[in-house]
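Just so we're on the same page, our numbering is the position in the sequence shown counted from 1, plus 16. Where a beta carbon is used, it is the ideal one built from N, C-alpha and C, also for glycine. Here is the structure we will look at, set down as structure tokens.
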Amino acid sequence: MGATILSRKRFNEALLASVPASPSEMESLNGLAAEGGAGFPRLLVSRGLLTPEGLLRSYETICGIPAFKREPDADAPAPSDVLPLSFLRAKLLIPVSAADGTLTVAMADP
């Protein structure tokens, strides 16, 4: 599953295409999706148009990034000093594991 590079606007539009909404609500949501706001997916969840699980599946499908499912015995934990804390906070990243020269991170919003 390869990652697809999308702008926030294109992601929101693709997400909106998967949501069942009335024509009038769809028109209103189209404007919000076009603005490209990062809060748009949460808006769909808060309006009940999308479940959190549905949003997770949409991220997987649209972005081509599988959801993080940590196995208790998987890889060694990542050392906490691999990347600067300021960078991790700014990008909403969490180092998860390090193995064979590869650092695996979890991200809040791909």
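Let me confirm a value: L66 is counted as buried when at least 16 other C-beta atoms fall within 10 Å, else exposed. Which label applies? With 16 or more other Cβ atoms within 10 Å, it is buried.
Quiz item: Does the beta-carbon distance from A54 to N28 come in below 7 Å?
Solution: The answer is no: Cβ separation not under 7 Å.
**OP:** Report the residue ranges of all beta strand (DSSP E) runs contained in full by the segment 47 to 117; include only those spanning at least 3 residues, in chain order.
**Re:** Counting whole runs of 3 or more residues, the segment 47 to 117 contains the beta strand (DSSP E) stretches 109 to 115.
Could you check how far apart the C-beta atoms of A124 and V112 are, in whole angstroms? I think they sit under 8 Å.
Between V112 and A124 the Cβ distance is about 13 Å, and since that is not below 8 Å, they are no contact.
**OP:** Assuming V35 and L60 form a contact by the criterion Cβ under 8 Å, report the distance between their Cβ atoms to the nearest whole angstrom.
**Re:** The distance from the Cβ of V35 to that of L60 is about 6 Å, consistent with a contact at the 8 Å cut-off.
Under the DSSP definition of a beta bridge, which residues are partnered with A122? Its beta-bridge partners are I110.
Original post:
Among residues of its own chain, excluding the 5 on either side of L99, which ones have a beta-carbon nearer than 6 Å to its beta-carbon?
Top reply: Short of 6 Å from the beta carbon of L99, and not among the five residues preceding or following it, lies no beta carbon of its own chain.
Quiz item: Given that a residue counts as buried once 16 or more other Cβ atoms are within 10 Å of its Cβ, and exposed if not, what is I110?
Solution: When all chains shown are included, I110 counts as exposed.
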